[in-house]
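**Q** Handing you a structure now.
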Amino acid sequence: MPRIAYVNGQYVPHAQAAVHVEDRGYQFADAVYEVWGVIDGALTDFDGHLTRLARSLRELEIRQPVSDSALTAVLHRLVSVNRIHHGLVYLQISRGVARRDHVYPDPAVPASIVITVRSPPAAAAEARARHGISIITRPDERWARRDIKTVSLLPNVIAKQAAHRKGAAECWMIDPNGMITEGAAANAWIINADGVLVTRPANNDILNGITRRIILALADREGLKTEERPFSRDEALQAREAFITSATSYLTPVVQIDGQAVGNGHPGSLSLRLRHSYVATAKERSRRSSARRPVWLVARQSKRLQN
Ligand code: PLP
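When the letters of the sequence shown are read in order and numbered with numbering that gives the first Met the number 0, they come out as residues 0 to 306.
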């Protein structure tokens with residue numbers, strides 16, 4: 000199926016989607032991004048990601064090139080025309096195209112916007128959730144504003160590659176005080192011997208994951224104790240369970256850290272329960288928000304009901 004992307008106001012075939020060589024996203028990583036998961040044809044945690052996008056743009060003084068309502072329409076249209084039932088939507092906004100100069104263009108140029116979609120096989124993610132993943136740890140080499148979702152991801156790329164070389168799926172990064180910050184592309188969590196969920200507080204040290212916030216709320220709803228505080232690699236190795244969260248992986252159990260088993264070396268029951276709650280809640284929300292459901296999916300579902 001040909002994929003359609005959105006570039007600066009145009010819907011174009013994915014293979015022809017391109018930006019100018021002088022785009023500041025390309026030249027300086029002067030750009031921010033957002034990623035929505037898609038479950039049952041609906042964008043997950045829609046407003047949370049939109050709000051975080053606005054914050055990232057504000058922090059970098061980049062003007063959002065389209066209104067929230069226009070953006071919402073484009074995002075849903077892309078899910079619909081690409082018939083994404085399960086997958087992700089990637090959005091990137093850069094400061095725009097200008098002659099290469101570190102200083103911001105003055106007067107400002109229009110920001111560039113690119114949106115693409117992907118539908119990776121769900122089975123692989125399900126298998127990772129069922130079996131759990133191995134992770135490695137290494138020093139956090141990133142800048143001091145990790146709360147901004149910028150495309151400047153080179154240290155994250157290097158960390159993920161280091162994990163990949165060791166057959167691991169993620170890399171938890173460690174700050175100069177020996178505490179875990181987060182993964183290269185996900186937030187980090189442990190469940191300690193008392194059954195308390197622990198994750199680092201949201202400040203400039205980490206990206207405040209939208210999935211992280213939802214899991215905190217779900218844990219609260221289920222009467223589980225949570226603590227937002229830093230934890231060390233040693234504490235993680237003593238933990239009963241560990242997991243990561245992100246919009247595309249939801250909640251994935253961690254069963255091994257630097258080659259050592261977490262708990263009994265299998266996905267923890269509490270982690271799996273929370274993953275189940277997260278997916279069930281997203282599916283329920285998708286069912287209820289028919290207005291946001293792509294037309295082709297509504298048609299398919301009503302046909303199923305008729306049969
Ligand atoms: N931390 C980092 C560094 C990330 O790249 C991501 C997701 O891309 C997350 C955390 C999780 O954020 P979210 O749950 O909003 O996807």
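Glycine residues also receive a C-beta, built at the ideal position from the N, C-alpha and C atoms.
Does DSSP put L63 in a helix, a strand or coil?
**A** Before going further, note that residue 63 is Gln rather than Leu in the sequence given. In the structure shown, Q63 sits in coil (DSSP, three-state: anything other than H, G, I, E or B).
**Q** Just verifying my parser: in three-state terms, what is the DSSP assignment at L250?
**A** strand
**Q** Given 8 Å as the limit, is there contact between the region 152-159 and the region 191-209, that is, 3 or more CB pairs closer than that?
**A** no
**Q** Under the three-state reduction of DSSP, which class applies to V108: helix, strand or coil?
**A** Under the three-state reduction of DSSP output, V108 falls in the coil class, being neither helix nor strand.
**Q** Just to confirm my understanding: we take V11, look at its own chain, exclude 5 residues before and 5 after, and list those with CB closer than 8 Å. What are they?
**A** I3, A4 and Y5
**Q** Locate the alpha helix (DSSP H) running through T149, then write down its first and last residues.
**A** From DSSP, T149 is part of no alpha helix (DSSP H); its letter is neither H nor E.
**Q** Assign D233 to one of three DSSP states: helix, strand, or coil.
**A** helix
**Q** If P252 and G264 are in contact, beta carbons under 8 Å, what's the gap, nearest whole angstrom?
**A** Between G264 and P252 the Cβ distance is about 11 Å, and since that is not below 8 Å, they are no contact.
**Q** Is it true that the CB of V78 sits closer than 8 Å to the CB of V65?
**A** no
**Q** Could you say which of L250, I134, R286 and R82 lies nearest to T115 if we only look at CA atoms?
**A** R82
**Q** Assign I134 to one of three DSSP states: helix, strand, or coil.
**A** strand
**Q** Tell me the rounded alpha-carbon separation between Q92 and E60.
**A** Checking the sequence shown, residue 92 turns out to be Ile, not Gln. Each residue's alpha carbon lies about 12 Å from the other.
**Q** Taking 7 Å as the cut-off, is the beta-carbon of E140 closer than that to any non-hydrogen atom of the ligand FAD?
**A** No copy of the ligand FAD occurs in the structure displayed; its ligands are the ligand PLP alone.
**Q** Is there contact here, the region 33-42 with the region 123-143, by at least three beta-carbon pairs under 8 Å?
**A** Touching, no.
**Q** On the criterion of 16 or more Cβ atoms from any shown chain inside 10 Å, does N207 qualify as buried, or is it exposed?
**A** buried
**Q** DSSP state of Q15, grouped into three classes?
**A** helix
**Q** Tell me, to the nearest whole angstrom, how far the beta carbon of D67 is from that of L49; I am working on the premise that it is less than 8 Å.
**A** 6 Å
**Q** Helix, strand or coil, according to DSSP, for S245 in the structure here?
**A** strand
**Q** How would you label V18, buried or exposed, when you count the other beta carbons within 10 angstroms and need 16 or more for buried?
**A** Residue environment analysis places V18 among the buried positions, since at least 16 neighbouring C-beta atoms fall within 10 angstroms of its C-beta.
**Q** Under the three-state reduction of DSSP, which class applies to I205: helix, strand or coil?
**A** Coil at I205, not helix or strand.
**Q** Within the present structure, is the beta-carbon of S55 separated from the nearest heavy atom of the ligand PLP by less than 7 Å?
**A** No; taking the cut-off as 7 Å, the Cβ of S55 has no heavy atom of the ligand PLP nearer than that.
**Q** CB-CB under 8 Å to A290, same chain, minus the five flanking residues each way: which ones, in chain order?
**A** Confidence in A290 is poor, its pLDDT being 45 and thus under 50, which makes the residue's placement too unreliable to answer from.
**Q** If distances are taken between C-alpha atoms only, which option among P119, W171 and V195 comes closest to T225?
**A** Nearest C-alpha to T225: V195.
**Q** For R286, which of helix, strand or coil comes out of DSSP?
**A** helix
**Q** Going by CA-CA distance only, name the one from R137, S245, R54 and T43 that's closest to R144.
**A** The option with the nearest alpha carbon to R144 is R54.
**Q** Rounded to a whole number of angstroms, what is the C-alpha to C-alpha distance between L250 and S270?
**A** 7 Å
**Q** Rounded to the nearest angstrom, what separates I134 and A238 at their Cα positions?
**A** 14 Å
**Q** Specify, as a first and last residue, the run of the beta strand (DSSP E) that G36 falls within.
**A** A30 to I38
**Q** Distance, Cα to Cα, H190 vs H163?
**A** According to the sequence displayed, residue 190 carries Ile and not His. Those two C-alpha atoms are separated by around 25 Å.
**Q** Let me check you understand the geometry: is the CB of A246 closer than 7 Å to at least one non-hydrogen atom of the ligand PLP?
**A** yes
**Q** I think V31 touches I147, with their Cβ atoms under 8 Å apart; what is that distance to the nearest whole Å?
**A** 7 Å
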